[in-house]
Amino acid sequence: MIEKILSYFIPIKIHTVKSEVSKAIEVTWTNGELVMDSENTNYSYGSLQRILRLGLKTIGFKKIVAMNHILVLGVAGGSVIKTLVDEIKFEGKITGVEIDPNIIKIANQYFNLDEIKQLDIIIDDAFEFVLKTKEKYDLIIIDVFQDTTMPNFLYETFFTDQVCFLLRSKGVVLFNTMLLNEKQNARNLKYITEFNNVDYNVKSIPRVERHNELIVIEKIH
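Following UniProt numbering from start to finish, the sequence shown increments by one per residue and tops out at 221.
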């Protein structure tokens with residue numbers, strides 16, 4: 001494919017669609033790899049896949065393989081789902097929640113997300129879904145962005161408590177965050193230091209791919 005070869009020299013944009021949620025969604029060949037981007041940041045594959053892969057590696061691939069049900073809040077192109085299925089060989093159920101239906105159409109068209117049989121995609125707001133679901137999960141991955149902006153609800157105690165409530169015994173939350181300035185650095189530090197639930201261990205994986213920090217919340221029992 002000529003676009004793939006040329007992308008080692010210059011990014012080749014092959015698809016763009018406007019999005020009410022993320023301004024614009026682009027599919028681009030970059031360094032021989034097909035990636036999904038919003039207007040100002042990488043949404044799937046590329047650096048984002050490397051970031052979340054590191055988080056999953058920190059949790060432990062063997063631990064993840066033994067899990068039954070994983071929830072992904074913020075699907076985009078589905079790169080973390082591909083990592084779970086193709087690399088880690090996770091065979092359990094995956095529920096993906098994505099607010100933007102246009103993103104899922106692109107993910108199906110360019111990244112074959114709809115070919116993953118164990119995946120159930122739900123078009124919904126992550127906050128609303130967390131309030132409604134009756135399921136319990138072994139791993140909850142939070143990767144919710146609107147371009148470079150993280151919705152405020154992600155840092156609210158009510159949301160965090162509800163997410164933790166949805167964990168099964170010894171379940172884990174992997175929370176991907178973006179840090180672009182000192183105010184956001186302080187926000188993350190406050191979130192981690194004020195997390196005072198004795199039933200959970202909290203740690204961070206700082207400065208992944210320069211602007212990202214991963215927060216890992218593990219249920220002790």
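Using N, Cα and C, we set each Cβ at its ideal position, and we do this for glycine too.
Keep in mind the model is a prediction, meaning the values are calculated, not measured.
Check                                                                                                                  : Outcome
CA-to-CA distance, aspartate 114 to isoleucine 104, given in whole angstroms                                           : 9 Å
Euclidean distance between Cα positions of tyrosine 110 and tyrosine 155                                               : 32 Å
Endpoints, the beta strand (DSSP E) within which serine 19 is located                                                  : 12-19
Beta-carbon gap between valine 97 and aspartate 138 smaller than 8 Å                                                   : no
Residue(s) in a DSSP beta bridge with serine 204                                                                       : Ile215
Through-space distance from phenylalanine 61 to leucine 166, alpha-carbon basis                                        : 21 Å
Valine 198, buried or exposed, once every other Cβ within 10 Å from all chains shown has been counted against 16       : exposed
Valine 17, buried or exposed, once every other Cβ within 10 Å from all chains shown has been counted against 16        : exposed
Spatial neighbours of alanine 126 in its chain, beta-carbon cut-off 6 Å, leaving aside the 5 residues before and after : Leu73, Val97, Val144
Whole-number beta carbon distance between valine 173 and isoleucine 217, since they are thought to touch under 8 Å     : 4 Å
Beta-bridge pairing of threonine 41 - partner residues as DSSP gives them                                              : Threonine 41 is not bridged to any residue.
Residues that glutamate 98 bridges to, as DSSP identifies them                                                         : Ile123
At least three beta-carbon pairs within less than 8 Å, the region 37-47 to the region 71-85                            : yes
Own chain partners of valine 130 with C-beta closer than 8 Å, once the 5 adjacent residues on each side are dropped    : Leu73, Phe159, Gln162, Val163, Leu166
Status (buried if at least 16 other CB within 10 Å, exposed otherwise) for glycine 171                                 : buried
Tryptophan 29 beta carbon near the ligand ATP (any heavy atom closer than 7 Å)                                         : As far as ligands go, the structure on display features none, and thus does not contain the ligand ATP.
Isoleucine 51, enclosing alpha helix (DSSP H) - first and last residue                                                 : 46-59
C-alpha distance - serine 7 paired with leucine 180, whole-angstrom precision                                          : 27 Å
Exposure of isoleucine 141, with buried meaning 16 or more beta-carbon neighbours within 10 Å                          : buried
Separation of lysine 136 from arginine 168, as counted between CA atoms                                                : 6 Å
Alpha carbon of valine 202 to alpha carbon of isoleucine 192, nearest angstrom                                         : 7 Å
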